[in-house]
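Asks:
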């Protein structure tokens, strides 16, 4: 927004200078016309000259005191000034309009307008990539807890091979790379307040490191609880304190899990 204001200030100064220059040129040309008018003998000027001015300039009938042969350059110069002024004004309007459109789009994509339960615009559906390649099979789906500390599955488990490379789902910054409860964990912060985690892994990055999309973060370590295959990668995502389905970030609809009805009294 500060850049837009700076551009607007430059445009305003440019328009002010153009107006000042145009006014000075107009006064100078008017003075020149008066000097030319003082030298002529016939105040009205020949009829032939007046007719030529009307036909040549297309401005209708000029004032009688300017309808002389020496006044033709004055009209042409003034016409040229007006054309230049119109071009500069049109260009300035287009610049201001484009800056306003750009500012509106930037405000519309601001993460402050994000709605609860919906990924931020900077982490919109389909923008992220899979943390494993080729595209892995999901062995366990996302199951959000009913309470902040209740049971559930805060992410998805992806089928992997021991030692397989783990890739960053999107660009971000490493906020943690180390051991948690005996398992290797890598955590990234992304634009829009989104946070992703990858475990169990042997990290190849360090905290504070800037990461680009699909950059290797480490390798899969076997031994993830409940994994039905030799190795699984647990991939989690949240924004703030709210856990999100990572599959939605790659454009995959999560599987709906039906819970039993609560028994009545």
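In UniProt numbering, the protein residues as written are 1 to 265.
Beta carbons: idealized from backbone N, C-alpha and C, even for Gly.
1) Find out if the Cβ-Cβ distance for the pair residue 167, residue 183 is shorter than 7 angstroms.
2) Determine the direct distance from the alpha carbon of residue 98 to that of residue 235, and round the result to whole angstroms.
3) Do the CB positions of residue 191 and residue 173 come within less than 7 angstroms of each other?
4) Which term fits residue 180, buried or exposed, when burial requires 16 or more other beta carbons within 10 angstroms of its beta carbon?
5) Work out the CA separation of residue 176 and residue 206 for me, nearest whole Å.
6) For residue 246, report the span of its alpha helix (DSSP H) as first-last.
7) Have a look at the DSSP bridge pairing and note the partners of residue 165.
8) Out of 162, 252 and 156, state which residue places its alpha-carbon closest to the alpha-carbon of residue 218.
9) Can you list, in chain order, the residues of its chain with a C-beta nearer than 7 angstroms to that of residue 213? Leave out the 5 residues immediately preceding and following it.
10) Would you list the one or two residues that DSSP bridges to residue 183?
11) If you run the structure through DSSP and keep just helix, strand and coil, what is residue 170?
12) List the residues that DSSP assigns as beta-bridge partners of residue 211.
13) So residue 204 and residue 216 are supposed to be a Cβ contact under 8 angstroms. How far apart are they, rounded?
14) For residue 235, name the three-state secondary structure that DSSP assigns.
15) Do residue 145 and residue 152 count as a contact pair if the criterion is CB distance below 7 angstroms?
16) Could you name the residues of the same chain whose beta carbon sits closer than 7 angstroms to that of residue 232, not counting the 5 residues immediately before and after it, in chain order?
17) Hey, residue 187 and residue 197: beta-carbon distance below 7 angstroms or not?
18) Considering only the alpha carbon of each residue, which of 84, 242 and 211 lies closest to residue 147?
19) Within its chain, find whatever has a CB closer than 6 angstroms to the CB of residue 31; leave out the 5 residues flanking it on each side and keep chain order.
20) Could you spell out the range, first to last residue, of the beta strand (DSSP E) harbouring residue 202?
21) Let me check understanding here. Comparing Cα to Cα, which of 208, 209 and 142 lies closest to residue 248?
Replies: According to the structure data:
1) no
2) 41 angstroms
3) no
4) exposed
5) 7 angstroms
6) 246-249
7) 219
8) 162
9) 129, 168, 170 and 171
10) 180
11) coil
12) 172
13) 6 angstroms
14) strand
15) yes
16) 139, 157, 158, 159, 160 and 224
17) yes
18) 242
19) none
20) 201-203
21) 142
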